[in-house]
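Each residue of the sequence shown is one higher than the last, beginning at 20 in my numbering.
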Amino acid sequence: MARAIYPGTFDPVTRGHVDIVERASHAVDHLTVGVVEVSSKRTLFDLDERITMFTDAVAHLSNVSVQSYSGLTVNAAREIGATVIIRGLRITSDFEYESEMALMNRRMAEDVETICLFSALEYQILSSSRVKEVAALGADVSDLVPTNVWQPLVERLAVKRNGSQK
Ligand code: ADP
Numbered sequence: 020m021a022r023a024i025y026p027g028t029f030d031p032v033t034r035g036h037v038d039i040v041e042r043a044s045h046a047v048d049h050l051t052v053g054v055v056e057v058s059s060k061r062t063l064f065d066l067d068e069r070i071t072m073f074t075d076a077v078a079h080l081s082n083v084s085v086q087s088y089s090g091l092t093v094n095a096a097r098e099i100g101a102t103v104i105i106r107g108l109r110i111t112s113d114f115e116y117e118s119e120m121a122l123m124n125r126r127m128a129e130d131v132e133t134i135c136l137f138s139a140l141e142y143q144i145l146s147s148s149r150v151k152e153v154a155a156l157g158a159d160v161s162d163l164v165p166t167n168v169w170q171p172l173v174e175r176l177a178v179k180r181n182g183s184q185k
């Protein structure tokens, strides 16, 4: 069995992401969640917050670790000795993007294989952006994010709302 990396922005981690990690963790020896460094101007949570939230959400899985990376995912995979990139699929939205990305990554790294997993049916319309969008409008979507994520999410959205009112 292999070592794998599950790359993403995870702004913030949702139950869909955790579902993919749980499935992948049964199939590989070790799974590293790679939280990509992007400018904090473009994300609701900064890198450390995204890492901490994901780490807490997968604390029950002994063969999963969470770390940051920057640059090409294939380079990050090689650095940690991963031969597999895990990606998650939602039936209605991800196939085109994920297949293009997988083939581009293969072009750069023949030795790294992309494996896509489907999340459970109840998470098929779930994304970090949708959660932020509806939570900002007051919807209770606490069942769509890990329990440790809901409070920080509500608080951060309130800070953002109050900031933009000034
Ligand atoms: P990215 O910025 O790479 O799109 P995301 O944090 O949005 O990062 O997602 C990381 C990976 O998890 C992607 O492969 C994405 O398709 C997958 N993913 C996100 N939400 C879900 C979900 N609800 N079910 C299955 N896969 C998901």
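C-beta atoms are modelled at their ideal positions from N, C-alpha and C, and glycine is treated no differently.
Fair warning: this is a prediction, and the values are worked out from it, not measured in the lab.
Query: Please classify Ala177: is it buried, with 16 or more other beta-carbons within 10 angstroms of its beta-carbon, or exposed?; Result: exposed
Query: Cutting at 7 Å between CB atoms, please list the residues of its own chain near Thr74, excluding the five before and the five after it.; Result: Val85
Query: Can you tell me which of Thr51, Thr33 and Leu66 puts its alpha carbon nearest to the alpha carbon of Asp57?; Result: Sequence check: residue 57 is Val here, not Asp. It is Leu66 whose Cα lies nearest to the Cα of Val57.
Query: Using CA atoms only, rank isn't needed, just tell me which of Gln143, Val32, Arg22 and Leu172 is closest to Asp189.; Result: Given that the chain is displayed from residue 20 to residue 185, the structure contains no residue 189 and the question cannot be resolved.
Query: Of the residues Phe29, Tyr25 and Arg22, which one's Cα is nearest the Cα of Ser148?; Result: Phe29
Query: Does the separation of the CB atoms of Asn82 and Asp48 fall below 8 Å?; Result: yes
Query: What's the call for Arg106, buried or exposed, on a 16-neighbour Cβ count within 10 Å?; Result: buried
Query: Under a three-way DSSP split, which group does Pro35 fall into?; Result: In the sequence as presented, Pro is not what sits at residue 35; that position holds Gly. Three-state DSSP puts Gly35 in a helix.
Query: Do you know offhand how far Leu156's Cα is from Ala128's?; Result: 42 Å
Query: Since I believe Val173 is in contact with Ala154 (beta carbons under 8 Å), could you give me their beta-carbon distance rounded to a whole number of angstroms?; Result: 7 Å
Query: By the DSSP assignment, the alpha helix (DSSP H) with Tyr88 in it spans what residues?; Result: No alpha helix (DSSP H) contains Tyr88, which is instead part of the beta strand (DSSP E) from Val83 to Tyr88.
Query: Just to confirm, are Arg69 and Pro31 a CB contact at a threshold of 8 Å?; Result: yes
Query: For a test of the three-state rule: what should DSSP assign to Ile99, helix, strand or coil?; Result: helix
Query: Under the three-state reduction of DSSP, which class applies to His45: helix, strand or coil?; Result: helix
Query: Could you spell out the range, first to last residue, of the beta strand (DSSP E) harbouring Ala23?; Result: Arg22 to Gly27
Query: What three-state label does DSSP hand Val40 in the structure shown?; Result: helix
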